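Asker: Dropping the structure in here first, questions after.
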Amino acid sequence: MKKNILSQINSPADLKNLNSDALDNLSGEVANHIKRVIEEHGGHYSSPLGVVDLSIALHYVYDSPKDKIIWDVGHQAYAHKILTGRRDQFHTLRQKDGISGFLKRSESKHDIVGAGHASTSISSALGFAHARDKDKTDDQIVSIIGDGAMTGGLAYEGINNLGYHKTQMTIVLNDNSMSISESVGALSRYLNRVVTNPTYNRIRNDIWDLSGKIPMSSFVRKFLRKTEEGIKGFLTPGALFEELGLRYIGPVDGHDLDELIRTFESVKQMNTPVLVHVYTKKGKGSANAESDSVKFYSMSGSKNKVSHTKKSVASYSQAFGESITQIAENDDAIECVTAAMEIGTGMTAFTKKFPDKYIDVGIAEEHAVTYASGLAGAGKKPIVAIYSTFLQRAFDCIFHDGLLQDLPIIYCMDRAGLVGPDGPTHHGVFDIPMLRMLPNIIVTAPKDGNELKNLLATATASRKSFSIRYPKSSSRNFDKSRTPELLKIGEWEKLNSGDKVAILATGSMVAIVEDNLDFISKEVGFAPTLINARFIKPLDTPMLSSLSKKYDAIITMEEGCLAGGFGSAVIEYFNDIGSQINVSRMGIPDNFIEHGTRKELLDSLNLNANGVISNIEVILGAINE
2 MKKNILSQIN SPADLKNLNS DALDNLSGEV ANHIKRVIEE HGGHYSSPLG VVDLSIALHY
62 VYDSPKDKII WDVGHQAYAH KILTGRRDQF HTLRQKDGIS GFLKRSESKH DIVGAGHAST
122 SISSALGFAH ARDKDKTDDQ IVSIIGDGAM TGGLAYEGIN NLGYHKTQMT IVLNDNSMSI
182 SESVGALSRY LNRVVTNPTY NRIRNDIWDL SGKIPMSSFV RKFLRKTEEG IKGFLTPGAL
242 FEELGLRYIG PVDGHDLDEL IRTFESVKQM NTPVLVHVYT KKGKGSANAE SDSVKFYSMS
302 GSKNKVSHTK KSVASYSQAF GESITQIAEN DDAIECVTAA MEIGTGMTAF TKKFPDKYID
362 VGIAEEHAVT YASGLAGAGK KPIVAIYSTF LQRAFDCIFH DGLLQDLPII YCMDRAGLVG
422 PDGPTHHGVF DIPMLRMLPN IIVTAPKDGN ELKNLLATAT ASRKSFSIRY PKSSSRNFDK
482 SRTPELLKIG EWEKLNSGDK VAILATGSMV AIVEDNLDFI SKEVGFAPTL INARFIKPLD
542 TPMLSSLSKK YDAIITMEEG CLAGGFGSAV IEYFNDIGSQ INVSRMGIPD NFIEHGTRKE
602 LLDSLNLNAN GVISNIEVIL GAINE
């Protein structure tokens with residue numbers, strides 16, 4: 002009977018005494034552990050399976066946490082979590098009160114840098130490297146970044162700075178595309194053995210030093226440099242990184258543990274910035290994920306399957322994609338821009354019908370916005386579809402390249418609000434204050450899929466800058482074939498007329514009140530008025546003025562942060578007109594919200610029917626005291 006190795010791994014130190022065969026067996030056990038948990042409970046699937054061998058090799062060669070192993074994004078880090086003492090907690094991944102699906106400093110001393118957004122690891126690692134140099138310690142600093150994250154500008158800013166300072170640091174480029182498959186073979190392996198060999202590097206440096214002492218040294222050195230560059234440029238794909246000041250090693254087979262270990266042990270001896278180009282296969286060990294890494298990018302898990310007794314309603318992402326496809330049929334100026342999120346933002350229908358009007362810029366949100374500003378300046382109607390949390394990265398571009406120049410760009414923010422298991426790095430709760438503070442933009446949130454279609458049509462017809470935020474959830478009501486209606490900008494919708502209290506709900510919060518209005522009315526003894534505040538900026542000031550004269554109190558509801566949010570805007574308006582009406586705000590408090598299902602998180606924050614009842618009772622109780 003084969004001995005279980007994973008059960009003996011409680012920290013990276015336990016890897017050090019394993020032989021080659023044992024490491025290979027461990028790789029299979031770690032991959033199987035990941036598959037079992039994700040298939041049952043859900044999570045990212047193909048990406049973490051692709052880096053099991055790489056994770057083992059890194060922890061075998063380096064001494065974490067003394068050596069700093071810094072991961073980008075965090076999708077890659079499941080094996081890392083298992084190897085660093087979280088094996089027995091791994092089944093709680095992405096569940097409320099369980100371990101995070103991303104890197105988290107408070108979770109483990111081995112999570113050197115928290116990671117959820119892309120392209121951050123190189124810059125963070127360089128900061129650690131400079132601190133090491135100042136403190137005169139001997140830490141090894143390793144940054145792991147995927148080929149997708151390498152499309153982000155921040156990655157190249159970090160590389161540029163690293164190449165300038167030339168401090169010792171290793172970048173591991175995890176390339177899981179198929180573009181370099183032909184480079185993985187005997188030739189590349191031979192080249193790696195040559196360029197990582199300490200003897201070779203010593204001779205290389207000695208020759209360079211000697212060349213500076215002979216007559217016509219500048220000519221000789223120029224010849225040597227050109228000769229080496231020419232050979233390496235011809236034989237290896239790393240000329241760009243070499244030009245930026247990094248030693249390029251690779252490509253290395255990311256599923257050959259012996260080769261990975263030998264490479265990293267050699268790289269440790271190099272006193273220079275190094276980029277190790279590692280080729281991996283997404284979904285390694287899973288036939289399904291290997292054949293279709295996009296489809297198996299993540300899984301919901303068998304325990305999260307929900308049976309539907311009625312026809313399922315489109316998600317907001319689907320409603321967006323279908324709606325903008327319909328609208329574009331009659332508007333040739335529409336162009337859709339996204340940042341490596343075609344599927345996530347529901348753009349597949351659009352890309353199939355209008356492939357020449359769809360632009361994917363890669364993981365480069367700043368570029369997406371500034372690129373869109375160029376489209377708008379040329380008379381097009383660009384729609385930038387990005388998750389709310391990622392659009393934060395482009396804040397300056399929204400201000401400088403879009404709004405300051407009064408260019409009509411439409412920002413469609415998927416995953417606005419609480420996204421659930423992905424946790425605080427992905428919750429889209431800051432976009433309302435981020436955008437409403439800026440001039441020249443209309444800020445909106447639809448109550449359902451049909452209203453999303455109406456807002457899209459209104460935005461494209463207005464020739465103004467628009468933002469439309471919507472959650473990761475069912476769109477409630479959506480008619481794919483329905484002709485969109487143009488809405489009057491700044492006008493709210495009264496959904497029912499009641500007494501004493503007016504509830505101003507925006508976006509996803511409308512459904513919480515509307516679907517539970519009978520229950521709320523029964524509990525508080527009267528029916529409150531419900532307003533669909535679909536325009537967050539501009540406010541419907543005529544309606545607000547009217548409400549302040551008719552009701553005892555107002556409650557605002559938003560699936561976004563309270564600080565500077567929709568409720569704050571309402572209070573600011575009443576303050577400006579001298580109104581003394583009582584306003585109670587419901588939303589996200591001033592702290593980062595951990596992971597869990599969306600319902601669990603909404604309930605924990607009292608963003609539900611019971612929370613509405615409590616707020617009505619409290620605010621009326623205070624008035625009657």
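Heads up, the sequence shown is in this note's numbering, so the first residue is 2 and it goes up one at a time. All residues carry an ideal CB built from backbone N, CA and C; glycine is no exception. Predicted model only: the values in this text are computed from it and were never measured.
Counting C-beta neighbours from all protein chains within 10 Å, is the total for D415 16 or more, i.e. buried, or is it exposed?
Answerer: Reading the sequence shown from its first residue, position 414 is the one you call residue 415. D415 is buried by the Cβ-count criterion.
Asker: Are I443 and S466 close, meaning C-beta to C-beta below 8 Å?
Answerer: Locating residue 443 in the sequence shown gives position 442, counting from the first residue. Locating residue 466 in the sequence shown gives position 465, counting from the first residue. Yes, the pair counts as a contact, with Cβ atoms nearer than the cut-off.
Asker: Please report the distance separating the alpha-carbon of H45 from that of G117.
Answerer: Taking the first residue of the sequence shown as position 1, residue 45 is located at position 44. Taking the first residue of the sequence shown as position 1, residue 117 is located at position 116. Those two C-alpha atoms are separated by around 13 Å.
Asker: Verify whether the separation of the beta carbon atoms of N603 and N611 is less than 8 Å.
Answerer: Counted from its first residue, the sequence shown places residue 603 at position 602. Counted from its first residue, the sequence shown places residue 611 at position 610. Reading the sequence as shown, one finds Leu at residue 603 and not Asn. No. Outside cutoff.
Asker: Leaving aside the five residues before and after F235 along the sequence, list all residues of the same chain whose C-beta is less than 6 Å from its C-beta, in chain order.
Answerer: Against the sequence shown, residue 235 aligns to sequence position 234. Below a pLDDT of 50, predicted positions are generally treated as unreliable, and F235, at 45, falls in that range; the measurement from the model is reported next regardless. So no residue of the chain qualifies.
Asker: Could you tell me the boundaries of the beta strand (DSSP E) in which Y280 lies?
Answerer: If you number the sequence shown from 1, residue 280 lands on position 279. Y280 -> beta strand (DSSP E) spans 274-280.
Asker: Suppose the cutoff is 6 Å on Cβ atoms and the five residues either side in sequence are ignored; what does the same chain contact list for A78 look like?
Answerer: Here the question's residue 78 lines up with position 77 in the sequence shown. Excluding sequence neighbours, A78 sits near W72, L104.
Asker: Within 10 angstroms of the Cβ of D519, are there 16 or more other Cβ atoms? Answer buried if so, exposed if not.
Answerer: Your numbering for residue 519 matches position 518 in the sequence shown. Result: exposed.
Asker: Keeping to the same chain, check which residues put their C-beta closer than 6 Å to that of S184; ignore five residues upstream and five downstream.
Answerer: Here residue 184 corresponds to residue number 183 of the sequence shown, with the count starting at 1. With a pLDDT of 38 at S184, under the threshold of 50, the modelled position of this residue cannot be trusted, and the question is left open.
Asker: Are there 16 or more other CB atoms within 10 angstroms of the CB of F527, so buried, or fewer, so exposed?
Answerer: Locating residue 527 in the sequence shown gives position 526, where the first residue counts as 1. So F527 ends up on the exposed side.
Asker: By the DSSP assignment, the alpha helix (DSSP H) with N451 in it spans what residues?
Answerer: In the sequence shown, the residue the question calls residue 451 occupies position 450. Start and end: 450-463.
Asker: Suppose the cutoff is 8 Å on Cβ atoms and the five residues either side in sequence are ignored; what does the same chain contact list for M510 look like?
Answerer: If you number the sequence shown from 1, residue 510 lands on position 509. These residues qualify, in order along the chain: M558, E559, E560, M587, L608.
Asker: Going by CA-CA distance only, name the one from Y280, M544, S482 that's closest to G322.
Answerer: Counting from one through the sequence shown, the residue named residue 322 turns up at place 321. Residue S482 is the option with its Cα nearest to G322.
Asker: Can you give me the C-alpha to C-alpha distance between G622 and L505, rounded to a whole angstrom?
Answerer: Here residue 622 refers to the residue found at position 621 of the sequence shown. Here residue 505 refers to the residue found at position 504 of the sequence shown. If you take the alpha carbons of G622 and L505, they lie about 19 Å apart.
Asker: Report buried or exposed for L457, applying the criterion of at least 16 other Cβ atoms within 10 angstroms of its Cβ.
Answerer: In the sequence shown, counting from the first residue as 1, residue 457 sits at position 456. The residue is buried, with at least 16 neighbouring Cβ atoms inside 10 Å.
Asker: Please report the straight-line C-alpha distance between T459 and E486, rounded to a whole angstrom.
Answerer: Numbered from its first residue, the sequence shown carries residue 459 at position 458. Numbered from its first residue, the sequence shown carries residue 486 at position 485. Rounded to the nearest angstrom, the two C-alpha atoms are 8 Å apart.
Asker: Which of helix, strand or coil does DSSP assign to R248?
Answerer: Against the sequence shown, residue 248 aligns to sequence position 247. Here R248 sits in strand by DSSP.
Asker: Using 8 Å as the threshold, is the C-beta distance between P274 and L163 below it?
Answerer: Taking the first residue of the sequence shown as position 1, residue 274 is located at position 273. Taking the first residue of the sequence shown as position 1, residue 163 is located at position 162. Yes, these two residues count as a Cβ contact at 8 Å.
Asker: Using alpha carbons as the reference points, say which of L404, S585, S122 lies closest to S374.
Answerer: Position 373 of the sequence shown, counted from the first residue, corresponds to residue 374. Closest by alpha carbon: L404.
Asker: What does DSSP give as the partner residue(s) for S585 in the beta ladder?
Answerer: Counting from 1 along the sequence shown, the entry for residue 585 is found at position 584. Answer is I556, bridged to S585.
Asker: Going straight from the alpha carbon of F242 to that of S615, what length do you get?
Answerer: Here the question's residue 242 lines up with position 241 in the sequence shown. Here the question's residue 615 lines up with position 614 in the sequence shown. Going from the Cα of F242 to the Cα of S615 covers about 59 Å.
Asker: Exposed or buried, which one is R37 when buried takes at least 16 other CB atoms within 10 Å?
Answerer: In the sequence shown, residue 37 corresponds to position 36, counting from 1. By the 10 Å Cβ count, R37 comes out exposed.
Asker: Between which two residues does the alpha helix (DSSP H) holding T542 run?
Answerer: Reading the sequence shown from its first residue, position 541 is the one you call residue 542. Counting along the chain, the alpha helix (DSSP H) containing T542 begins and ends at 542-551.
Asker: Measuring alpha carbon to alpha carbon, tell me which of I582, V62, N11 ends up nearest K17.
Answerer: Working through the sequence shown from its first residue, we reach residue 17 at position 16. Comparing Cα-Cα distances from K17 to each of I582, V62, N11, the minimum goes to V62.
Asker: Would T11 pass as a contact of E30 if the rule is Cβ separation under 8 Å?
Answerer: If you number the sequence shown from 1, residue 11 lands on position 10. If you number the sequence shown from 1, residue 30 lands on position 29. Note on residue identity: the sequence assigns Asn, not Thr, to residue 11. Contact flag unset, no.
Asker: Please return the same chain residues whose Cβ sits closer than 6 Å to the Cβ of D112, not counting the five positions on each side in sequence.
Answerer: Here residue 112 refers to the residue found at position 111 of the sequence shown. The residues are L104, K105, R106.
Asker: Taking the beta carbon of A379 as the centre, do at least 16 other beta carbons fall within 10 Å, making it buried, or is it exposed?
Answerer: As a working mapping, residue 379 is identified with position 378 in the sequence shown. A379 should be labelled exposed.
Asker: Tell me where the alpha helix (DSSP H) around F520 begins and ends.
Answerer: Counting from one through the sequence shown, the residue named residue 520 turns up at place 519. Segment 518-525, the alpha helix (DSSP H) holding F520.
Asker: Determine which residues share a DSSP beta bridge with K69 and list them.
Answerer: Here residue 69 corresponds to residue number 68 of the sequence shown, with the count starting at 1. I142.
Asker: Looking at C-beta atoms only, is the number of pairs between the stretch 492-507 and the stretch 328-344 that lie closer than 8 Å three or more?
Answerer: At 8 Å Cβ cutoff, the stretches do not touch.
Asker: Rounded to the nearest angstrom, what separates T149 and N441 at their Cα positions?
Answerer: The residue labelled residue 149 in the question sits at position 148 within the sequence shown. The residue labelled residue 441 in the question sits at position 440 within the sequence shown. The sequence as given places Gly at residue 149; Thr does not occur at that position. Going from the Cα of G149 to the Cα of N441 covers about 33 Å.
Asker: By how many angstroms is the C-alpha of G450 removed from the C-alpha of Y471?
Answerer: Walking along the sequence shown from the start, residue 471 turns up at place 470. Walking along the sequence shown from the start, residue 450 turns up at place 449. Going from the Cα of Y471 to the Cα of G450 covers about 9 Å.
Asker: Over the uninterrupted beta strand (DSSP E) stretch that includes D604, give me the two end residues.
Answerer: Position 603 of the sequence shown, counted from the first residue, corresponds to residue 604. Counting along the chain, D604 falls outside any beta strand (DSSP E), though it belongs to the alpha helix (DSSP H) covering 599-605.
Asker: For P434, report the span of its alpha helix (DSSP H) as first-last.
Answerer: As a position in the sequence shown, residue 434 is number 433, starting the count at 1. Segment 432-437, the alpha helix (DSSP H) holding P434.
Asker: If you follow the alpha helix (DSSP H) that D136 is part of, which residue opens it and which one closes it?
Answerer: What you label residue 136 is simply residue 135 of the sequence shown in a count that begins at 1. Per DSSP, D136 belongs to the alpha helix (DSSP H) from 122-136.
Asker: Can you confirm whether the stretch 49-62 touches the stretch 313-321 when touching is taken to mean that 3 or more C-beta pairs between the two stretches lie within less than 8 Å?
Answerer: With the cut-off at 8 Å, the stretch 313-321 and the stretch 49-62 do not touch.
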